[in-house]
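Read the structure below first, then the notes.
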Ligand code: GLN
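Residue numbers (this note's numbering): 1 to 204.
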């Protein structure tokens with residue numbers, strides 16, 4: 001079974017965990033650096049990126065999260081989680097993890113449209129996907145290794161590289177688990193399957 005962490009400091013944690021379990025993965029809540037051990041992938045949920053960053057610092061998670069990224073394991077950021085992953089944040093001097101080669105802008109869809117739903121067409125997923133946006137960021141620009149998966153109103157709202165997946169909206173707030181399943185498919189096959197020792201010995 002694939003073991004996938006959900007950063008559990010703030011925000012839509014439980015919903016991501018439920019979506020993972022609905023897709024047949026084991027959800028592991030991550031609060032301390034040691035919780036990152038033995039995970040196959042990690043989700044950074046939506047919430048408030050500045051609050052989450054404060055808690056990341058308080059729990060000593062910044063370096064461990066960057067090391068997790070260096071290990072090459074898949075990471076998925078939704079909304080505030082996307083902001084945490086980005087290499088650059090428009091109007092701010094510093095990034096948070098700064099590991100995904102994208103520039104994001106916070107709260108990009110205007111005050112009147114603080115929260116809204118929109119049917120998206122997403123590359124690799126049959127249309128439409130009904131997406132929930134809440135004070136959502138968007139991706140202003142993306143590096144060469146990044147593939148744009150979806151746009152809304154001319155703004156990039158979902159993108160991936162071989163390791164990172166990010167979206168502006170909250171896929172975990174609907175009962176549609178296709179994006180969680182898509183993320184799980186980024187985990188190399190063979191991961192999470194461990195033969196019990198006895199079956200190894202029985203071959204000898
Ligand atoms: N506006 C929030 C931020 O900047 C993100 C909102 C969300 O995650 N729903 O962190």
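We put the CB at the ideal spot given by N, CA and C, even for glycine.
In the structure shown, residue 67 adopts helical secondary structure according to DSSP, grouped into three states. With a cutoff of 7 Å on beta-carbon distance, residue 5 and residue 39 are scored as near each other.
By the Cβ-count criterion, residue 58 is exposed, with fewer than 16 other Cβ atoms from all chains shown falling within 10 Å of its own Cβ. In this structure, residue 76 lies near residue 43, with their beta-carbon atoms less than 7 Å apart. When secondary structure is reduced to three states using DSSP, residue 166 falls in the strand class. The three-state reading of DSSP puts residue 46 in coil, since its state is none of H, G, I, E or B.
In this structure, the CA atom of residue 63 is about 20 Å from the CA atom of residue 165. Secondary structure remark: continuous alpha helix (DSSP H) runs of at least 4 residues inside the segment 75–114, in chain order: 80–85. Scanning its chain for C-beta atoms nearer than 7 Å, with the 5 sequence neighbours on each side dropped, one finds around residue 31 the residues 8, 9 and 59, in chain order.
Residue state for residue 136 is assigned as coil, using DSSP reduced to three classes. DSSP, read as helix, strand or coil, puts residue 177 in coil.
Nearest C-alpha to residue 109 among 66, 140 and 15: 140. Contact between the segment 10–24 and the segment 96–104 is absent, with fewer than three C-beta pairs closer than 8 Å. Here residue 22 has 177 as same chain residues with Cβ atoms under 6 Å from its own Cβ, once five neighbours each way along the sequence are excluded.
Judged by their CB atoms, residue 172 and residue 15 are nearer to each other than the 7 Å cut-off.
Just so you know, the alpha carbons of residue 91 and residue 138 end up roughly 14 Å apart. At a Cβ-Cβ threshold of 7 Å, residue 122 and residue 150 count as neighbours. A distance of 7 Å or more separates the beta carbons of residue 33 and residue 78. With a contact defined as Cβ atoms closer than 8 Å, residue 73 and residue 41 qualify at about 6 Å. One alpha carbon belongs to residue 183, the other to residue 93, and they sit about 30 Å apart.
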